[in-house]
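For my numbering, add 32 to where a residue sits in the sequence shown, where the first one is 1. Everything below concerns the one structure shown next.
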Amino acid sequence: MQIKSNLPFRKADHYNVFLIPEDHNKVRRIRLSVTQLRVLIAGILVVVAFSFFNLAGFLYYRSLYHDFETERQENLASVQERSQVLQDLKALEETVHATEGYANKLAGLVGVERPELRKGLGPVRKSGFDAERETQALKWDELGEKMDLAHVRASSIDMRLQELVKIQEDKLLYHASRPSIWPVKGWVTSEFGFRRSPLSGRREFHGGLDIAAQWGSNVMAPSAGIVKFAGYRGGLGRTVIVDHGYGIESYYGHTSQIHVKSGDIIKRGMKIAQVGTSGHSTGPHLHYEIHVDGVPIDPMQYILQ
């Protein structure tokens, strides 16, 4: 069974909005037309949409600002780090430069050629260093390359200094090994070179010095070395031979007593024998020879005192 309504349906021309306060005061009624209501709703929607877009824009720009600030801080840190690297590089180059000067002076004192140690690097900054300007001009790879070159240069100087120290040590050892003092207190009766033999009267080569002294006088080592021979040796009688290194050997003949044995390590000024007349001798004296690479030379070339 269907029931049909005969009541007419009409759209409202106005709407009433009631404002009811909580303090039970008078209720207010606002009467709005359909057009006014539509305008009000549209206005509310516009305000809500505008607020939403403002919030979205704020969040977006805040994110951009955060990214910008982060990048700015990173760039600032990068600039500061690059500046510090440049300062460190400058300090390293100045240290290398000073050490290089020391190496050159040391080379001159040692008596070798001046080392060429400055290849591959530009001049060291001495004044007007602007870290900020340098920081802007150089890239990280260029800074790294300069730092590597400075380290290579420092390593080269270090090796050169070690070489110079070794040369100086060798020279000191060489001079310490030179038989530079008189082996006995006395007077020279026969010099190095050709002479008339006191035994045969014939002209012969005399390969050393004859130093007359009282019988039993101490014979001292004129420098450090190792005893190569200690015993009887033909016409030289009781003989001591000392190897001083660098091809230098010293001979001490006609002694009366020997106080060292083969293989002993001796120092300058150590007693090694006593003056005598053993072997072919006309009186108490020391026959003293110096050989360099097996060749006799004049001992006076070595004696300094």
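Heads up, the beta-carbon is just placed ideally off N, CA and C, and yes, glycines get one too.
Candidates the options, of which the one nearest residue i by Cα
{"i": "S65", "options": "I73, G248, K303", "result": "I73"}
{"i": "H312", "options": "G279, Y334, R265", "result": "R265"}
{"i": "L231", "options": "Y334, G267, W247, K203", "result": "G267"}
{"i": "R63", "options": "P53, G133, D45", "result": "D45"}
{"i": "N136", "options": "V71, S188, T67", "result": "S188"}
{"i": "G301", "options": "S115, G225, W214, L96", "result": "W214"}
{"i": "R61", "options": "Q119, I52, Y334", "result": "I52"}
{"i": "E132", "options": "D190, S115, Y92", "result": "D190"}
{"i": "A123", "options": "A186, D325, S229", "result": "A186"}
Cβ-based burial, residue i [other Cβ within 10 Å; buried from 16]
{"i": "I35", "result": "Reliability of the predicted coordinates at I35 is poor, the pLDDT of 43 falling under 50, and the value obtained from them is presented with this limitation in mind. Exposed is the call here."}
{"i": "I76", "result": "exposed"}
{"i": "A306", "result": "Looking at the sequence shown, residue 306 is not Ala but Gln. Looking at its Cβ environment, which holds 16 or more other Cβ atoms inside 10 Å, Q306 is buried."}
{"i": "E125", "result": "buried"}
{"i": "T271", "result": "buried"}
{"i": "N48", "result": "exposed"}
{"i": "R192", "result": "buried"}
{"i": "R94", "result": "exposed"}
{"i": "L96", "result": "exposed"}
{"i": "R70", "result": "exposed"}
{"i": "L196", "result": "buried"}
{"i": "G308", "result": "buried"}
{"i": "I91", "result": "This sequence places Leu at residue 91; Ile is not what is there. Under this definition L91 is an exposed residue."}
Straight-line gap, residue i to residue j (C-alpha atoms, nearest Å)
{"i": "E164", "j": "A130", "result": "Unreliable positioning characterises E164 in this predicted model, as indicated by a pLDDT of 48, which lies under 50. A coordinate reading is not provided."}
{"i": "V327", "j": "D275", "result": "14 Å"}
{"i": "L181", "j": "M252", "result": "55 Å"}
{"i": "N241", "j": "I322", "result": "The question names Asn, but residue 241 is Leu in the sequence shown. In a straight line, the C-alpha of L241 is about 9 Å away from that of I322."}
{"i": "W247", "j": "L336", "result": "25 Å"}
{"i": "R235", "j": "R227", "result": "5 Å"}
{"i": "T127", "j": "T287", "result": "59 Å"}
{"i": "S212", "j": "M332", "result": "9 Å"}
{"i": "Q194", "j": "H183", "result": "16 Å"}
{"i": "L153", "j": "K178", "result": "In this prediction, L153 has a pLDDT of 40, which is less than 50 and means its spatial position is unreliable; what the coordinates show is noted afterwards. Each residue's Cα considered, the two are about 8 Å apart."}
{"i": "F224", "j": "Q200", "result": "32 Å"}
{"i": "N86", "j": "V80", "result": "10 Å"}
{"i": "D202", "j": "Q116", "result": "43 Å"}
{"i": "G233", "j": "K198", "result": "51 Å"}
{"i": "V59", "j": "Q68", "result": "21 Å"}
Terminal residues of the beta strand (DSSP E) in which residue i lies
{"i": "K303", "result": "303-307"}
{"i": "Q289", "result": "280-290"}
{"i": "E321", "result": "317-324"}
{"i": "M252", "result": "250-252"}
{"i": "G344", "result": "One cannot answer for residue 344 here, as it falls past the ends of the chain, which runs 33 to 337."}
{"i": "P328", "result": "327-329"}
{"i": "F226", "result": "225-228"}
{"i": "I52", "result": "Per DSSP, I52 belongs to no beta strand (DSSP E) and is neither H nor E."}
{"i": "A244", "result": "241-244"}
{"i": "V272", "result": "270-277"}
{"i": "V59", "result": "No beta strand (DSSP E) holds V59; DSSP gives it neither H nor E."}
{"i": "S222", "result": "219-222"}
Beta-carbon proximity check, residue i vs residue j, cutoff 9 Å
{"i": "I273", "j": "Y283", "result": "yes"}
{"i": "P316", "j": "A244", "result": "yes"}
{"i": "S222", "j": "A256", "result": "no"}
{"i": "H319", "j": "G295", "result": "no"}
{"i": "S249", "j": "G269", "result": "no"}
{"i": "V216", "j": "V259", "result": "no"}
{"i": "G277", "j": "L205", "result": "yes"}
{"i": "I290", "j": "I304", "result": "yes"}
CB contact check: residue i to chain D, cutoff 9 Å
{"i": "A81", "result": "Absent here is chain D; the protein component of the structure consists of one chain."}
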